[in-house]
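Numbering (our numbering), first residue to last: 505 to 691.
Every residue gets a Cβ at the ideal spot worked out from N, C-alpha and C, and that includes glycine.
This is how it looks when you write it as structure tokens:
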């Protein structure tokens with residue numbers, strides 16, 4: 505990485521426009537935004553102001569009508585569907601309000617499933633990123649419980665662990681993933 509790359513924002517939106525109705529006003533109109541690695545950012549605003557649309561663009565779930573969306577060194581706005589899916593699998597951690605846990609799997613199995621779907625075979629000499637991340641979010645006592653046996657807060661922490669084990673955002677226990685699968689924000 506060159507010195508200028510180290511100073512580049514991790515997330516960068518330039519002149520982004522997104523419309524849902526061709527004749528209507530844009531939901532996002534010429535948005536410029538830079539977020540540096542390690543920053544804590546909150547998107548706040550009334551319903552319909554474009555918060556979810558912005559997150560969908562950054563996560564590669566949607567494309568802008570104009571402008572560029574960059575995350576790390578990837579120009580997300582130009583990825584085709586297949587490349588966007590591959591990029592999301594290795595880069596994006598999504599934690600939804602509806603936790604989306606598989607009811608017949610244990611907490612450990614729900615987190616492990618996310619890791620396996622991301623292509624991690626855990627062939628790195630006995631490391632246990634699933635157990636480590638569950639311990640990090642305070643769930644080491646309930647790893648064998650199914651979602652119906654967990655409180656709402658515990659279920660949310662399983663969902664958070666599932667997101668973090670796939671795309672860690674700091675030097676977490678799962679940062680042993682090969683550097684080729686980590687973005688600047690997760691390194």
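When the Cα atoms are used, what is the spatial distance from residue 507 to residue 540? Mapped onto the chain shown, residue 507 falls at position 3. Mapped onto the chain shown, residue 540 falls at position 36. Unreliable placement is indicated for residue 507, whose pLDDT of 42 sits below 50; the coordinate value is still reported in the next sentence. Whole-angstrom Cα-Cα distance: 15 Å.
From residue 577 to residue 609, what does the alpha carbon distance come to, in whole angstroms? The sequence position of residue 577 within the chain shown is 73, counting from 1. The sequence position of residue 609 within the chain shown is 105, counting from 1. Answer to the nearest angstrom: the Cα atoms are 36 Å apart.
Terminal residues of the continuous beta strand (DSSP E) containing residue 570? Within the chain shown, residue 570 is the residue found at index 66, counting from 1. Residues 570-575.
When you compare each of 544, 598, 653 to residue 666 by their alpha carbons, which one comes out closest? Here the question's residue 666 lines up with position 162 in the chain shown. It is 598.
Could you compute how far the alpha carbon of residue 674 sits from the alpha carbon of residue 619? Counting from 1 along the chain shown, the entry for residue 674 is found at position 170. Counting from 1 along the chain shown, the entry for residue 619 is found at position 115. Residue confidence is low: residue 674 scores 39 on pLDDT, short of 50, so the model does not pin down where it sits. Its coordinate-derived value is still stated next. Cα to Cα, the separation comes out at about 17 Å.
Applying the criterion that 16 or more other CB atoms from any shown protein chain within 10 Å of the CB defines a buried residue, is residue 582 buried or exposed? Numbered from 1 along the chain shown, position 78 holds the residue referred to as residue 582. By the neighbour-count rule (16 or more Cβ atoms within 10 Å), residue 582 is not buried but exposed.
Would residue 564 pass as a contact of residue 580 if the rule is Cβ separation under 8 Å? Walking along the chain shown from the start, residue 564 turns up at place 60. Walking along the chain shown from the start, residue 580 turns up at place 76. Yes, these two residues count as a Cβ contact at 8 Å.
Quick check on DSSP: helix, strand or coil for residue 516? For the purposes of this step, residue 516 is taken as residue 12 along the chain shown, with counting starting at 1. Collapsing the DSSP output to three states places residue 516 in a strand.
Spatial neighbours of residue 648 in its chain, beta-carbon cut-off 6 Å, leaving aside the 5 residues before and after: The residue you call residue 648 lines up with position 144 of the chain shown. Closer than 6 Å at the Cβ level, and outside the excluded window around residue 648, lie 610.
Simplified DSSP state of residue 588, which is helix, strand or coil: Position 84 of the chain shown, counted from the start, is the residue given in the question as residue 588. Here residue 588 sits in helix by DSSP.
Comparing C-alpha positions only, which one of 534, 596, 652 sits nearest to residue 664? Against the chain shown, residue 664 aligns to sequence position 160. With distances taken between Cα atoms, residue 664 lies closest to 596.
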